[in-house]
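The opening residue of the sequence shown carries number 2 in our numbering; numbering runs sequentially from there. One structure is given below, encoded as structure tokens.
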Amino acid sequence: MDGDGTRDARGTHANPVPRPAGPPEMPAEAPTVPPRPTRAPGSPDGSAFLTWLRTPRPQALPGVWRFGHRPRPEEEPERVPGRQLLSGAVIAFLVGWLVWSLLWNGYLGGWWLLPLYAMIPDSWAEPHSFASVVVVYAYYVLVAGIIMVAVGRLGRWGEIWRRYGPPAWRGATTAGAGPAPAPEEDPAAWPALRAAGAHDAAERLAAEARSGLMRDVDHARIARAWQGVQRGRHSLATFTGAVLSHGAAACPHPSGARDLPVRRARHDLVTGQVRIGAAADDARNPYAYRGAGLALGPDLLGTSLLAVGPAGSGKTGSLVRPLTESLCLHALAGRAAVVVVGAAGADLGPADAYDVVVRIGHPDSVYDLDLYGGTTDPDEAAVVLAEALVGDLTDQHQGGDTRRSTTVLAQLLGPFRAVHGRFPGVPELRQLLEGAPGPLAELREGLRAAGQDSLLRELDARERQMDRPGDVGGVLADRVALLDRPAFAPFFDTSGQSRPFSLKALDHPVRVRVDLPQRGHADASRMLARLVLAQFTASVSVREDRSLFACLVLDDASGVVTPEAVRAVQRLRSAGAGVVLTLRTLDDVPRPLRGPLLGAIGCRMALSGLTPWDGQDFAEVWGKEWTEARDVTDRQIIAETPAGKAVHMLRRVITGKAPTARAVTVRQVERERWSASELAHAVPAGHAVLSLTSVKGEHAPPLLVDLHG
Numbered sequence: 002m003d004g005d006g007t008r009d010a011r012g013t014h015a016n017p018v019p020r021p022a023g024p025p026e027m028p029a030e031a032p033t034v035p036p037r038p039t040r041a042p043g044s045p046d047g048s049a050f051l052t053w054l055r056t057p058r059p060q061a062l063p064g065v066w067r068f069g070h071r072p073r074p075e076e077e078p079e080r081v082p083g084r085q086l087l088s089g090a091v092i093a094f095l096v097g098w099l100v101w102s103l104l105w106n107g108y109l110g111g112w113w114l115l116p117l118y119a120m121i122p123d124s125w126a127e128p129h130s131f132a133s134v135v136v137v138y139a140y141y142v143l144v145a146g147i148i149m150v151a152v153g154r155l156g157r158w159g160e161i162w163r164r165y166g167p168p169a170w171r172g173a174t175t176a177g178a179g180p181a182p183a184p185e186e187d188p189a190a191w192p193a194l195r196a197a198g199a200h201d202a203a204e205r206l207a208a209e210a211r212s213g214l215m216r217d218v219d220h221a222r223i224a225r226a227w228q229g230v231q232r233g234r235h236s237l238a239t240f241t242g243a244v245l246s247h248g249a250a251a252c253p254h255p256s257g258a259r260d261l262p263v264r265r266a267r268h269d270l271v272t273g274q275v276r277i278g279a280a281a282d283d284a285r286n287p288y289a290y291r292g293a294g295l296a297l298g299p300d301l302l303g304t305s306l307l308a309v310g311p312a313g314s315g316k317t318g319s320l321v322r323p324l325t326e327s328l329c330l331h332a333l334a335g336r337a338a339v340v341v342v343g344a345a346g347a348d349l350g351p352a353d354a355y356d357v358v359v360r361i362g363h364p365d366s367v368y369d370l371d372l373y374g375g376t377t378d379p380d381e382a383a384v385v386l387a388e389a390l391v392g393d394l395t396d397q398h399q400g401g402d403t404r405r406s407t408t409v410l411a412q413l414l415g416p417f418r419a420v421h422g423r424f425p426g427v428p429e430l431r432q433l434l435e436g437a438p439g440p441l442a443e444l445r446e447g448l449r450a451a452g453q454d455s456l457l458r459e460l461d462a463r464e465r466q467m468d469r470p471g472d473v474g475g476v477l478a479d480r481v482a483l484l485d486r487p488a489f490a491p492f493f494d495t496s497g498q499s500r501p502f503s504l505k506a507l508d509h510p511v512r513v514r515v516d517l518p519q520r521g522h523a524d525a526s527r528m529l530a531r532l533v534l535a536q537f538t539a540s541v542s543v544r545e546d547r548s549l550f551a552c553l554v555l556d557d558a559s560g561v562v563t564p565e566a567v568r569a570v571q572r573l574r575s576a577g578a579g580v581v582l583t584l585r586t587l588d589d590v591p592r593p594l595r596g597p598l599l600g601a602i603g604c605r606m607a608l609s610g611l612t613p614w615d616g617q618d619f620a621e622v623w624g625k626e627w628t629e630a631r632d633v634t635d636r637q638i639i640a641e642t643p644a645g646k647a648v649h650m651l652r653r654v655i656t657g658k659a660p661t662a663r664a665v666t667v668r669q670v671e672r673e674r675w676s677a678s679e680l681a682h683a684v685p686a687g688h689a690v691l692s693l694t695s696v697k698g699e700h701a702p703p704l705l706v707d708l709h710g
């Protein structure tokens with residue numbers, strides 16, 4: 002078994018993976034380790050990998066980095082200030098020393114020696130005898146120990162030890178790894194395979210791990226293939242044969258790759274998380290989150306994510322790049338399919354990290370983008386194309402109604418496909434929308450020759466509508482003209498001369514990057530981004546295997562958010578998919594769509610540098626909470642007696658302030674979790690405020706996150 006079944010080409014596109022899909026040869030030694038420990042550590046004997054694999058990953062709150070995590074209490078315990086704690090310990094020690102001195106010197110009498118005289122026999126009472134000396138000094142040590150324990154509890158010496166002693170040092174230096182578990186609980190021993198009777202396969206994989214030939218991607222990929230066996234999609238014999246033949250290289254990705262060329266972020270493929278920072282030790286963060294690592298995974302991205310922040314705030318480097326790395330690793334493990342869309346030259350990882358790279362407008366691009374999403378249904382193609390062409394227009398603009406645009410496109414796409422067996426290219430579609438006499442007459446003759454009377458009536462209706470005021474054909478033609486440029490001439494070909502990529506391939510664990518020509522073709526780039534988003538939402542909803550997580554990452558979603566896009570994003574959670582959108586400002590989204598967009602997205606991130614009016618939208622969607630407010634008032638004390646007045650005057654001379662009495666009033670008030678002003682001015686550089694929602698419905702409140710933590 003060279004694959005788990007989800008990796009076989011389905012024939013919906015030409016050459017979805019540019020590299021050979023055959024099983025790779027077994028490496029002679031462990032893959033090289035990158036300079037930074039950003040992956041499962043490797044060593045010649047595999048000990049580092051086993052330590053990484055056996056590190057505890059306890060269940061935690063949504064978004065917490067589980068690798069080596071140590072859970073904290075939900076509520077913050079009462080914490081004595083360090084200065085008060087140390088001073089109290091010193092005072093307690095002095096008190097204990099004073100009590101012992103008084104006892105030792107006899108100032109308190111000899112009553113404390115009565116228990117000693119009552120316990121020892123008379124024969125030991127001889128002065129300077131060895132037995133009496135031992136017993137007396139043992140009794141002294143016992144009494145001193147009792148005093149020390151008492152003053153230690155009084156002075157909280159134990160808390161000082163835990164806060165400043167070796168336990169605190171060990172907590173800061175240990176990575177969380179525990180002792181080797183029992184064989185039936187050791188993940189490196191593959192207990193699930195042994196329980197199913199595949200002992201030989203489990204032994205082979207365990208040997209590969211011990212010898213250093215297995216990496217984190219190999220472990221995740223084989224675990225995914227084993228899930229296919231458990232679900233009945235593959236036979237146990239086929240899986241066992243593949244493992245015995247190829248070891249850690251079994252069940253390969255179609256590209257044959259077993260890792261990415263380079264990693265920058267910290268990944269944990271056991272939990273599927275990628276670390277993006279740490280929750281700040283801030284009073285506005287819940288105590289259980291403070292200081293904990295923050296991570297994202299498919300369980301959170303399945304509710305989609307929106308990040309808003311100005312240029313330079315860290316959207317691409319601190320968020321998009323780690324997420325694309327993680328999703329590409331999941332794709333190599335057979336768990337996910339990822340499509341990354343960004344401007345040409347954006348820091349989205351090397352080209353070798355992807356199976357398909359579509360460089361629109363670049364003459365050296367190996368792949369083309371299918372304008373119609375790989376569908377053969379004219380109505381479906383018309384819906385997707387209309388969303389891309391005019392989905393961003395408001396209802397006040399001519400052609401803003403995508404339903405009318407869909408009808409116009411369907412009236413042309415159906416007849417053209419019936420005559421030519423394909424959909425029209427960009428120049429042909431532009432001529433048809435403009436109503437050029439030659440192409441329409443040729444199409445009419447072809448329909449008559451083929452006896453397509455119903456489609457002929459569609460074409461007649463289109464020709465009648467062309468002469469009516471308010472026809473959307475002209476608007477559609479103007480939008481198509483943005484793609485009918487010399488730079489795009491080799492692209493969007495429908496004659497079979499290019500290698501078009503279709504998002505129908507998201508049934509397989511494919512890694513795709515689409516580079517948009519934003520420099521010089523900004524309007525066309527926004528339209529193509531809408532096209533990819535529309536094709537993505539249409540494709541993932543009809544997939545057969547929804548256990549394969551599909552994710553679309555849009556590095557700049559300006560001009561992409563439309564009413565239909567918002568409705569489609571709401572449906573992605575049930576389809577096992579999600580989108581990641583980044584914006585410089587919410588002003589790039591039409592005002593009527595900002596609230597629905599924030600409501601449809603489960604994970605929301607506001608980066609530093611946000612404007613107050615953008616912060617207001619986030620403040621509204623995050624809502625309010627009940628909190629404890631303290632009102633402190635100082636009331637001046639008025640002395641009524643001459644002695645009191647003299648004391649007050651002396652106190653004022655010494656302190657410079659009048660004697661006052663402080664009154665504290667505690668009440669419950671409802672306030673915004675994060676106000677617009679705080680989001681605009683109180684988020685430090687390199688930080689963000691992030692709220693999370695998992696596909697299971699678990700929530701994390703807005704957290705202040707250090708993106709470099």
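Built from N, CA and C at the ideal position, the CB exists for glycine as well.
Give the range of the beta strand (DSSP E) segment to which residue i is assigned.
| i | result |
| --- | --- |
| P702 | 700-707 |
| A601 | Not the beta strand (DSSP E): A601 falls in the alpha helix (DSSP H), residues 592-601. |
| R322 | First-last for R322: 322-333, but that is the alpha helix (DSSP H), not the beta strand (DSSP E). |
| D269 | 267-269 |
| H688 | 688-694 |
| A337 | 337-344 |
| R360 | 357-360 |
Go to residue i, then tell me how far its alpha helix (DSSP H) extends in each direction, as first and last residue.
| i | result |
| --- | --- |
| R234 | Run containing R234: none; DSSP gives neither H nor E here. |
| Q274 | Note, Q274: premise wrong, no alpha helix (DSSP H); beta strand (DSSP E) at 274-280. |
| H200 | 200-212 |
| L1 | Outside the shown range of the chain, which is 2 to 710, sits residue 1, and nothing can be said about it. |
| G159 | 158-165 |
| R195 | 192-196 |
| D378 | D378 -> no alpha helix (DSSP H), and no H or E assigned at all. |
| D300 | 299-302 |
Among the options, which residue has its Cα nearest to the Cα of residue i?
| i | options | result |
| --- | --- | --- |
| P491 | R195, D369, Q571 | D369 |
| A488 | L456, V513, S526 | S526 |
| G374 | L477, G156, S366, V384 | V384 |
| P72 | A442, V81, Q60 | Q60 |
| L611 | T586, D371, A630 | T586 |
| Q519 | L534, G474, D557 | D557 |
| T634 | L261, R653, F619, V667 | V667 |
| A90 | G107, L115, W162, I147 | W162 |
| I277 | A139, K697, G687, P702 | G687 |
Flag this pair as yes or no: are the beta carbons of residue i and residue j separated by less than 9 Å?
| i | j | result |
| --- | --- | --- |
| P255 | H509 | yes |
| L237 | A199 | yes |
| V391 | R480 | yes |
| G310 | T583 | yes |
| S542 | R572 | yes |
| V358 | V513 | yes |
| L54 | A183 | no |
| V340 | L529 | no |
| L555 | V342 | yes |
| L155 | A93 | yes |
| V1 | A630 | Absent from the structure is residue 1, since the part of the chain shown begins at 2 and ends at 710. |
| A289 | G710 | no |
| G47 | S212 | yes |
Can you list, in chain order, the stretches of the alpha helix (DSSP H) that have 4 or more residues and sit fully within the segment 388-472? For the segment 388-472, the continuous alpha helix (DSSP H) assignments of 4+ residues that do not extend past its boundaries occur at 403-421, 427-435, 438-451, 454-467, in sequence order.
Exercise for the section: Could you name each continuous alpha helix (DSSP H) segment of 4 residues or more that falls completely within the segment 641-673, going from the start of the chain to the end? Expected result: The qualifying runs are 643-656.
Next on the checklist: When you compare the segment 245-257 with the segment 204-214, are there three or more beta-carbon pairs, one atom per stretch, that lie closer than 8 Å?
Outcome noted: Yes: the two stretches touch, three or more of their Cβ pairs being nearer than 8 Å.
Check: Can at least three beta-carbon pairs, one atom from the segment 261-276 and one from the segment 61-71, be found at a separation below 8 Å?
Finding: Counting Cβ pairs under 8 Å, three or more are found: they touch.
Practice prompt. Please specify which runs of the alpha helix (DSSP H), each continuous and at least 4 residues long, are wholly inside the segment 606-631, giving them in chain order.
Written response: Taken in chain order, the complete alpha helix (DSSP H) segments of 4 residues or longer contained in the segment 606-631 are 613-623.
At what residue ranges does the segment 531-589 contain a whole run of the beta strand (DSSP E), taking only runs of 3 or more?
Within the segment 531-589, the complete beta strand (DSSP E) runs of at least 3 residues are 550-555, 578-584.
query: Is it a yes or a no for the segment 481-500 touching the segment 326-344, going by three-plus beta-carbon pairs under 8 Å?
result: Touching, no.
In the segment 482-530, which residue ranges form an unbroken alpha helix (DSSP H) of at least 4 residues, counting only runs that do not cross its ends? Counting only runs of 4 or more, we get nothing.
For this session: Please list the segments of the alpha helix (DSSP H) lying wholly inside the segment 52-122, counting only runs of 4 or more residues, in order along the chain.
Result: Listed in chain order, the complete alpha helix (DSSP H) runs (minimum 4 residues) inside the segment 52-122 are 83-105, 115-120.
Quiz item: Between the segment 132-141 and the segment 85-94, do three or more beta carbon pairs fall short of 8 Å?
Solution: Three or more Cβ pairs closer than 8 Å define a contact, and the segment 132-141 falls short of that threshold against the segment 85-94.
Using 8 Å as the Cβ pair cut-off and three pairs as the minimum, do the segment 461-480 and the segment 434-449 touch?
The answer is yes - the segment 434-449 touches the segment 461-480, with three or more Cβ pairs under 8 Å.
Validate contact between the segment 564-579 and the segment 596-606 using beta carbons, cut 8 Å, 3 pairs
At 8 Å Cβ cutoff, the stretches touch.
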